[in-house]
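Positions 3 to 199 (my numbering) are the ones given, in order, by the sequence shown.
For each residue, glycine too, the CB sits at the ideal point set by N, CA and C.
Notes to accompany the following structure.
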Amino acid sequence: MRLKTLLKKIFVASIILGVLAIAAQSFADADPPYQASESGLILGYGAGNISEGKYRTMLVIWHIGFNLKEFSSGAVGGRKNAISFFLEPQINPVTAPSTDVEFGVGIGLKYMHHITDHVSAYLMTSVGPHWITVKTVDQSNGFIFSDMLGVGLSIFLTDSSAIDLGFRIRHLSNAGLHRPNGGIDSCFGTVGYSIFF
């Protein structure tokens, strides 16, 4: 059991350090100043399982993106594929098994690939500190980390605005800082609206 806990800690720490290292290197290579390239509101709903029943969460996220690198090859209709660094401050109401709340910030990377003039696909990942109030035998409440992997489509309404449809998988745990630390895994559908600069 101790080996399993140690491996979980190493895995979470590796993800956090990897995302931060890639973002730091990309910022170092980018031409300053670092200006926001995207701002959007993302809403979502999802569920996971804990011992007390379904863990149902609504997402309320502000997505702020900063282009790190654009790729001319594969550009469609003047749009360039891009890797961006993003921040996602969020306050997420929990509706089951009881009324609770999560809040925190996701720090991550997003790759956007333009398929047509009006449709782009993306892949994203983030980690970040969160706070949860849920009481469960599976996971201690309070300070926790959120690890997320997501995919989706951006459907452009104009040259600078898009509707976003996405799917996310998220893991909440505290890297073994407190017991219990069984983690809470959830899947989410998301919808959003973004403005690009």
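*Contacting residues, own chain, Cβ-Cβ under 8 Å from Thr2 (five flanking each side not counted)*: Here the chain comprises residues numbered 3 to 199, so residue 2 is not present and cannot be evaluated.
*Boundaries of the beta strand (DSSP E) in which Leu151 is found, first to last residue*: From DSSP, the beta strand (DSSP E) with Leu151 extends over 144-160.
*Nonlocal neighbours in the same chain, by C-beta distance under 7 Å from Pro182, ignoring five residues either side*: Counting only residues of its own chain and dropping the five nearest sequence neighbours on each side, Pro182 has a CB closer than 7 Å to the CB of Val139, Asp140, Gln141, Ser142.
*When DSSP builds the beta bridges, which residues end up paired with Thr192?*
DSSP lists Gly46, Gly168 as the bridge partner or partners of Thr192.
*In this structure, what does DSSP give as the bridge partners for Arg58?*
Answer is Ala49, Ala98, bridged to Arg58.
*Leaving out five residues before and five after Phe147 in sequence, what residues of the same chain have Cβ atoms less than 8 Å from its Cβ?*
By the criterion of a C-beta distance shorter than 8 Å, Phe147 is surrounded in its chain by Val14, Ile18, Val129, Gly130, Pro131, His132, Leu174, Ser175, Asn176, Ala177, once the five residues flanking it on both sides are discounted.
*What are the boundary residues of the beta strand (DSSP E) that Gly130 is part of?*
Taken as a continuous stretch (DSSP letters only), the beta strand (DSSP E) holding Gly130 covers 121-134.
*Taking Cβ positions, are Gly67 and Ser39 nearer each other than 9 Å?*
Result yes, Cβ atoms of Gly67 and Ser39 sit closer than 9 Å.
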